[in-house]
Amino acid sequence: MSMQSPAHRAADIVRGGFEEFHSTFRAVTRRALERFEQADWEGIRRDTERRLGLHNRGVTDTLEELQATLGERIEDRELWASMKRAFSISSLGTDDFELAQTFFNSLTRRVFAHTGIDPRIDFTAEDFPLPFRGWEMARTRTYATRSVEPVVLRRVLEDAPFRSSFEDLEADSGRAAELVRDRLLADTGGAEIDALDFLLPVFIRNKAAYVIGRARRADVVLPVVLVIARGDQGLRLDDVVTDEAQISILFSFARWYFHADLESPRQVIGFLSSILPRKRIAELYISLGYNKHGKTELYTDLTSHIGASEEAFVRAPGQPGMVMSVFTLPSYEFVFKVIKDTFPTVKRTSRERIRDRYRLVFAHDRVGRLVDFQEFEYLEFPRQRFSEGLLSELLEEAGQTVQLDGDRVVVKHLYVGRRVTPLDLYLRQAGPSRREHAVIDWGFAIKELAAADIFAGDMVLKNFGVTRHGRVVFYDYDELCPLRDCRFRALPEARDDDRELAAEPWFTVREGDVFPTELRTFLGLSGEVRECFEHHHADLYEVNFWRDLQERNERGEVVDFYPYSVS
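Heads up: the sequence shown begins at 19 in our numbering, then just goes up one per residue.
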């Protein structure tokens, strides 16, 4: 028997490490369906958190085994180039090869501190083909029917891998068929179709399960998402979502991750792209819990966009922040956030504390209200794409992080996330009805975050934004903290006018103290905007509102958040 070369032995170790990680990931994911049917909401939450750390743990364990096997040769680039070739061969024909390649790249980033991509030891964009297009590639159940009848939708629900029965399957299937037919008539003028396709796995998140499919006729594709809830006596159809914009919100960058056991993630991403053509591939991977590969896709997308354009980076719209320098490309819907070197004295924080806040958001249910930022290290940008003013500002404010290397700007650490319109700008530009909707939704954003054990801290308008779907989200995390860490207090009554008018508090204020009544002044609202906000959300000024949510969080209550319109 021939002896394996060091490169092949090392590649086998990496392959084993990846398979261990991904099998564990899928095992945790598979539990979600049973937890859903048992109404084990806390178990789903714990498993969602647990999955987030599996990739890094797998990379760490694999690196330790490689170190024990290779010794000093672990830093031999020629060996890693041979390992990459051997690993490529071992990945041929596998259903999860793109995830395996990202796993390999995570190892090279740990071993070699290098900027950009080294194509000799890293898998590059050319190694990650586009997701499959067309109906034939996704693993689905296809229902060849010319019309959407109740009996067809009943069969779809019966075929879904639920063990629990439905409370009223006949009524649910009839309602689903009616809603889909109505949407077809409204969108296409006719209800005839070629077929219905539904993905085999059920998607689970929080307290809902999603059976995801599409109705198709020639080149027309209508998304069909059946939302299943857990009732008192079994399962029930909670809603049918057929609007692309609403389904895009289901997969929003401001939401936590689905549990869906996928044999071939890339094939499923291809299917999802057919019903969400505006959604970026990176965001779809991230929405399924594959954050690391989502970052890979985002990096590929970013470098491709920069290479295909000549526009310059600019300061992101909105008021400058005290702790972050933020820039963007006007044609690219993402912002780049860099931690400044120093902060004003009013900001009692540190670089590590800020990074802790972002880690908290990453591991927390974002309930559709917190923008998901991807953390990158050592990104390179062409120097000529920065104006001298912006580049000077970045070097002055964040010189520890932003550095020049010849014709390149190297950013050693930054966060990349979706660009939204700052709420203060939006309110100045929007018409009366949109302004009213945004103000009302802003209050709901604060409340929903609190119900999910998040206190936004600095709740001024400029720290919130409005998505393209008109939804208010929060994106400034340096003062964010768990709601349970706050002490909500009534403002003590002044015993004389001097104390009432004093510039500084005349009573003791400890770190973590919050006085809700002061929000009336702190939020900075006036005129019609203030009247509208207080008409709907005056309870935010009351101590009991916040203490009640604290108690619910202490009891471990998982609050309902519906990313669709409950009918």
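Idealized CB from N, CA, C, for every residue including glycine.
In chain order, what residues of the same chain have a beta carbon less than 6 Å from the beta carbon of residue i, not counting five sequence neighbours either side?
i	result
Ser20	Residue confidence for Ser20 is low, a pLDDT of 48 falling below 50, so the modelled location carries little weight; the figure read from the coordinates is stated next. Taken in chain order, the list of residues that qualify is empty.
Ala470	Asp383 and Val385
Thr318	Ala143
Asp557	Phe563
Leu197	Val258
Glu454	Cys550
Ala463	Arg387 and Val490
Phe399	Val427
With DSSP run on the structure shown, which of helix, strand or coil describes residue i?
i	result
Cys499	strand
Tyr161	strand
Asp471	coil
His487	coil
Asp30	helix
Arg548	helix
Lys102	helix
Gly192	helix
Gln418	coil
Gly76	helix
Leu202	helix
Pro595	Lying outside 19 to 585, the shown extent of the chain, residue 595 is not represented and no answer is given.
Val229	strand
Ala330	coil
Lys430	coil
Ile18	Limits of the chain in this structure are 19 at one end and 585 at the other, which puts residue 18 out of reach.
Val356	strand
Pro450	helix
Phe180	coil
Leu413	helix
Glu466	helix
Leu125	helix
Ser349	coil
Ala556	helix
Val584	Only weak support exists for where Val584 lies, its pLDDT of 42 falling under 50; the coordinates are left without a value.
Arg173	helix
Gly424	coil
Ser405	coil
Leu88	helix
Met342	strand
Please work out which residues of its chain come closer than 7 Å, Cβ to Cβ, to residue i, disregarding the five sequence neighbours upstream and downstream, and give them in chain order.
i	result
Val129	Ile92 and Glu93
Lys358	Val341, Met342, Ser343, Glu415 and Ala416
His554	Ile458 and Gly461
Leu240	Arg201, Leu202, Asp205, Arg232, Ala233 and Thr260
Ala189	none
Asp531	Arg505 and Arg507
Gln251	Glu185
Phe43	Arg69 and Leu72
Short check: CB of residue i to CB of residue j, under 7 Å?
i	j	result
Ser266	Lys297	yes
Ala195	Leu218	no
Phe54	Ala247	no
Arg375	Leu498	yes
Val32	Phe141	no
Ala381	Glu572	no
Ala236	Ala162	no
Ala118	Phe36	yes
Tyr559	Pro534	yes
Gly483	Pro440	yes
Leu412	Val420	yes
Leu84	Ala28	yes
Ala330	Ser405	yes
Val166	Arg199	yes
Identify, in the order they occur along the chain, each residue of the same chain with its Cβ nearer than 8 Å to the Cβ of residue i, setting aside the five sequence neighbours on each side.
i	result
Arg371	Asp496
Val169	Ser191
Thr158	Asp215, Phe216, Leu217, Leu218, Gly231 and Phe289
Glu60	Gly574 and Val576
Asp186	Arg254
Val584	With a pLDDT of 42 at Val584, under the threshold of 50, the modelled position of that residue is not reliable, and the figure given next carries that caveat. Within the same chain, Val584 has close Cβ partners Asp256 and Asp257.
Ala456	Leu441, Tyr444, Leu445, Ala448, Val484, Gly488 and Val490
Just to confirm the assignment: which complete beta strand (DSSP E) runs, minimum length 3, are found wholly within the stretch 34-68?
Taking only runs of at least 3 residues, no beta strand (DSSP E) segment lies wholly in the stretch 34-68.
Is there contact here, the stretch 90-108 with the stretch 356-363, by at least three beta-carbon pairs under 8 Å?
Segment contact: the stretch 90-108 against the stretch 356-363, fewer than three CB-CB distances shorter than 8 Å; contact not assigned.
Between the stretch 40-55 and the stretch 275-290, are three or more C-beta pairs nearer than 8 Å?
Yes: at least three Cβ pairs fall under 8 Å.
Secondary structure, beta strand (DSSP E): runs of 3+ residues fully inside the stretch 236-323
Fully enclosed beta strand (DSSP E) runs of 3 or longer: 238-248 and 253-259.
Is the stretch 174-184 touching the stretch 307-325 in the sense that three or more CB pairs, one from each, lie closer than 8 Å?
Remark: fewer than three beta-carbon pairs, one from each stretch, lie closer than 8 Å, so the stretch 307-325 and the stretch 174-184 are not flagged as touching.
Contact between the stretch 417-430 and the stretch 391-409 is defined here as three or more beta-carbon pairs at a separation below 8 Å; is this criterion met?
Yes, since at least three Cβ pairs between the stretch 417-430 and the stretch 391-409 fall closer than 8 Å, the two stretches touch.
Check whether the stretch 253-261 touches the stretch 237-245, counting contact only when three or more Cβ pairs, one atom from each stretch, lie closer than 8 Å.
In this structure the stretch 253-261 touches the stretch 237-245; the number of beta carbon pairs closer than 8 Å is three or more.
Is the stretch 343-353 touching the stretch 431-451 in the sense that three or more CB pairs, one from each, lie closer than 8 Å?
As far as the Cβ criterion goes, the stretch 431-451 touches the stretch 343-353, which means the pair count is three or higher.
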